[in-house]
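One line per chain: the protein sequences are A, B, C and D, in this order. All letters in the first sequence, in the order written, are residues 0 to 225 by numbering that gives the first Met the number 0. All letters in the second sequence, in the order written, are residues 0 to 225 by numbering that gives the first Met the number 0. All letters in the third sequence, in the order written, are residues 0 to 225 by numbering that gives the first Met the number 0. All letters in the fourth sequence, in the order written, are residues 0 to 225 by numbering that gives the first Met the number 0.
There are 4 protein chains.
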Amino acid sequence: MKVRTPIILVNFKTYSEATGKKAIELAKAAEKASLETKVCIGLAPQFSDITPIAQSVSLPVFSQHIDPIKPGSFTGHILPEAVKEAGAVGTLINHSERRLKLADIDANIVRARETGLVSVVCTNNAAVSAATAALKPDMIAVEPPELIGSGISVSKSQPEVVKGTVDLVRRVNRDVVILCGAGITKGEDVAAALTLGTQGVLVASGIVKAKNPYEALLEFAEAIRQ
Amino acid sequence: MKVRTPIILVNFKTYSEATGKKAIELAKAAEKASLETKVCIGLAPQFSDITPIAQSVSLPVFSQHIDPIKPGSFTGHILPEAVKEAGAVGTLINHSERRLKLADIDANIVRARETGLVSVVCTNNAAVSAATAALKPDMIAVEPPELIGSGISVSKSQPEVVKGTVDLVRRVNRDVVILCGAGITKGEDVAAALTLGTQGVLVASGIVKAKNPYEALLEFAEAIRQ
Amino acid sequence: MKVRTPIILVNFKTYSEATGKKAIELAKAAEKASLETKVCIGLAPQFSDITPIAQSVSLPVFSQHIDPIKPGSFTGHILPEAVKEAGAVGTLINHSERRLKLADIDANIVRARETGLVSVVCTNNAAVSAATAALKPDMIAVEPPELIGSGISVSKSQPEVVKGTVDLVRRVNRDVVILCGAGITKGEDVAAALTLGTQGVLVASGIVKAKNPYEALLEFAEAIRQ
Amino acid sequence: MKVRTPIILVNFKTYSEATGKKAIELAKAAEKASLETKVCIGLAPQFSDITPIAQSVSLPVFSQHIDPIKPGSFTGHILPEAVKEAGAVGTLINHSERRLKLADIDANIVRARETGLVSVVCTNNAAVSAATAALKPDMIAVEPPELIGSGISVSKSQPEVVKGTVDLVRRVNRDVVILCGAGITKGEDVAAALTLGTQGVLVASGIVKAKNPYEALLEFAEAIRQ
């Protein structure tokens, strides 16, 4: 499952609407939207749902977190090799609900590279995004924490945050893919994000809690194709 | 998959010998040993291996950790409902490699009960075991951290720790199942543990890193049957 | 400065009204109230204010936290010996704003004993209080987190929590001093706490943010004397 | 107490040789060496020793850590305003023994600036140093963790790490002061550090555990003057 940009990356969080059987249903709805629009849709389910989802759909699956560890005595931790073998092709790192120490973000990016996982580091503002860019992850997803789950999209309400992030990041790193997230609920939010210089969006409740996630993803994907 | 005592609970940690396909092989070896001896063997694989293992064998599967959360916005965390739906019947809590805050151990025991997961709280000494007993988990597994992975079994080298734990715990709680762990590698270590008043063992490298895990489990199970 | 019960223990938190020079003023107001009423008032200022306060007043001073460490390489941590030498006679452990791992609470109680510091472990409910009692600290202070800073006193609004805590704790430990806290703002809250079987209160905003902390402490102390 | 470069910044850690009265003695030895050589020597004692040391010597005092908080309900945390009022002019942030989340390092740098504290962010390698440089602290102190306390100096044994850090940092930030640390025990280690493009050293055991800290500091300072 190759990761292409522009991308819509759907974070399943630990929502009941995106756990177990419902996670598989959601994944299938996403696959349908992706097949119809040819837009890349990535899925970040809970760890225990990576295997069943990777076996059920042909979309790139991401882990929600990894620990900066090698195989060994780390009970209860997330081994990069384990999520890779389960079917993940990439991983979120440092999501606002799972913030990491700076040294561990650096170590995680290295471990993701060693394991062949696409690294997507979440950040909270422009300065932190620029700092992260110096660590050379594959992707950065900037999400102002106060907008997460708010329904107020960062790309429409705080375009200067997205623009400022893109500018600061590009001074440090020309290659990293930049996503933005927080409050994305409509196609026009997605279109605005791309216009501001990003290559996609990270979205959670906007899709998972939508009345019809398939319709919502279709709207997002159409906005990307234009 | 009902949990019965005495029990041999095998912690897969994040060992490469117990990840992905190898985790399934190990689970099948354990199932064979359990079927032949009628001794209950529990398996605690990594989160991403819970579903495939629960689908492959008829043994009780445990999560290595849960977070004290309800469904919602907890990216990268372990939702009790998710591991339950994946096929787990129980969970380790507070393993020495994943120590938790006291208030979170309490909340986790409550969440495990609500979700229908058997709670197995790991502890490091007799006093902490007695404290944990007051929180009324289903099981307590005492493991002196300095012996974990040492090959020196707690039941043979520190019988007073195991005995003292059993005594202190029983003053607070008559019902909780008591396991012991750390350094268990031979049948005689298991037999000693039961003689000291425990109802089973928590073991990791002693099985996972054994030349022949099936043979090792057979030896452990035979020691329990006598 | 001997610690006597009943006690009013004032947590200065990191309030601006209780930092630096203002912390010393507050300490002097408390000393005046204590001298006039003969009621023991303990003070828990920020770490950097322990020395100046211990040098300014004749009241028992408590650290707000210690780390379970011995002298060595622990930059940025709180060494029990350091706060002791600075003038503290005791320490809070596991305050709801500084929750600790169970194994670290146990180790902290041991370190406090070794260093000659009175250990006051904060807890959030009756079950956790009973668990803590098994670790044999000098004092337990139960504070339902949802009432902290609320102005709704635990002793008046949730007497069953205080009563239930006292009962459960006494089954495990007959000697530990029991305090209660959260929402204490009036003398009658203090009187109610003692009637329910506690030996004092842990209070923060009720004193620190009072219009006149001296008057407020006088009211608390009078309630204790009756 | 103005902070000048080149600087020798002495981390007192939680060493018994640098706690309480002994911390003051050490501070006076450092003051003597600084007065004689005109080289700036900064001191980073434990929180409870900031006030007595700031009152005893005319050297810049640093906190070992701050929390990214404003005045309020943060029991057991380090309020920037509190260490400032106690007499600190700066603070370490993210020491290898007190690693912080990336978002908290960013917030701490902002808080230090607001409070008028010089921010010294510790880092573990060149990439993390460059990332930190993007956050615009006043100083960066690179210390390979494996050399801390080793007696093997980073500037002599791993000059490429120091050189590589200086190069990478300068691409992102021209103004930040760069220090290096880990294993510094001799004047020649200090001289080597400056030759490699740093503006000083962060040192702990090399001074605190020296037979004669005054003599050791004199040697360090002489190496800087040449």
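No residue lacks a Cβ here, since even glycine has one placed at the ideal position from N, Cα and C.
Three or more Cβ pairs closer than 8 Å define a contact, and the region 1 to 9 of chain B falls short of that threshold against the region 32 to 42 of chain A. Taking 7 Å as the threshold, the shortest C-beta distance from K100/B to chain A does not fall below it. With fewer than 16 other CB atoms across the displayed protein chains lying within 10 angstroms of its CB, T194/A is exposed. Chain B places no beta carbon closer than 7 Å to that of E24/A, leaving this residue out of the contacts.
Between I52/B and P44/B, the CB-CB gap stays under 7 Å.
Setting aside the 5 residues that flank it on each side, F11/B is surrounded in the same chain by A17, T18, A22, L25, L42, A43, P44, Q45, D48, Q63, A203 and V207, each with a C-beta closer than 8 Å to its C-beta; the list follows chain order. At a cut-off of 7 Å, the C-beta of E84/A has a neighbouring C-beta in chain B. With the rule of 3 Cβ pairs closer than 8 Å, the region 179 to 193 of chain B does not count as touching the region 168 to 187 of chain C. Contact of I104/B with chain C is assigned, a C-beta pair being separated by under 7 Å.
Across the set V120/C, S118/C and E30/C, the C-alpha of E30/C shows the shortest separation from the C-alpha of S57/C.
In this structure, the straight-line span from the alpha carbon of S55/B to that of A32/B is close to 15 Å. DSSP places F61/A in the strand class (E or B) of the three-state scheme. Boundaries of the alpha helix (DSSP H) around T36/C: K20 to T36. Taking the Cβ atoms as the reference, V160/B lies roughly 19 Å from P136/B, outside the contact range of under 8 Å. Taking a 10 Å sphere around the C-beta of Q225/A, we find fewer than 16 other C-beta atoms and assign the residue as exposed. Within chain A, K100, L101 and A102 have C-beta atoms less than 9 Å from the C-beta of N93/D, given in sequence order.
Here A28/D is actually not in contact with L201/D; their C-beta atoms are around 18 Å apart, not less than 8 Å. Note that the region 96 to 116 of chain B touches the region 92 to 105 of chain C; at least 3 beta-carbon pairs, one per stretch, sit closer than 8 Å. For T90/B, the uninterrupted beta strand (DSSP E) segment begins and ends at G89 to I92. The alpha carbon of N172/D has as its nearest neighbour, out of A126/A, G205/A and G150/A, the alpha carbon of A126/A.
With a threshold of 7 Å between beta carbons, N10/D makes no contact with chain A. Excluding its 5 nearest sequence neighbours in each direction, V165/B has C-beta neighbours in its own chain below 7 Å: I177, L195, G196 and T197, listed in chain order. With contacts defined as CB atoms closer than 7 Å, T122/A and V109/A fail to qualify as a contacting pair. Shown here for G205/B: same chain residues with a beta carbon closer than 6 Å to its own, the five before and five after excluded, namely I183 and T184 in chain order.
Near chain A, meaning a CB-to-CB distance below 9 Å, the residues of the region 169 to 191 of chain D are R170 and V171. With fewer than 16 neighbouring CB atoms inside 10 Å of its own CB, G71/D falls in the exposed class. The Cβ atoms of S95/D and P144/D sit closer than 7 Å to each other. For I49/D, the uninterrupted alpha helix (DSSP H) segment begins and ends at I49 to S55.
Separation of A132/C and S154/B (C-alpha to C-alpha, rounded to the nearest whole angstrom) is 27 Å.
Excluding residues up to 5 positions away in sequence, C39, G41, P59, V88, G89 and V117 lie with their Cβ nearer than 7 Å to the Cβ of V2/A in the same chain.
At a cut-off of 7 Å between C-beta atoms, E113/D does not count as an interface residue with respect to chain C. Under the Cβ criterion of 7 Å, V160/A is not counted among the residues facing chain D.
Under a criterion of Cβ atoms nearer than 8 Å, the residues of chain C adjacent to L78/D are, in order, T13, T18 and Q45. With a contact defined as Cβ atoms closer than 8 Å, A192/A and C179/A qualify at about 5 Å.
No Cβ of chain B is located within less than 7 Å of the beta carbon of V141/C. Partner residues in a beta bridge of K185/B, as assigned by DSSP, do not exist.
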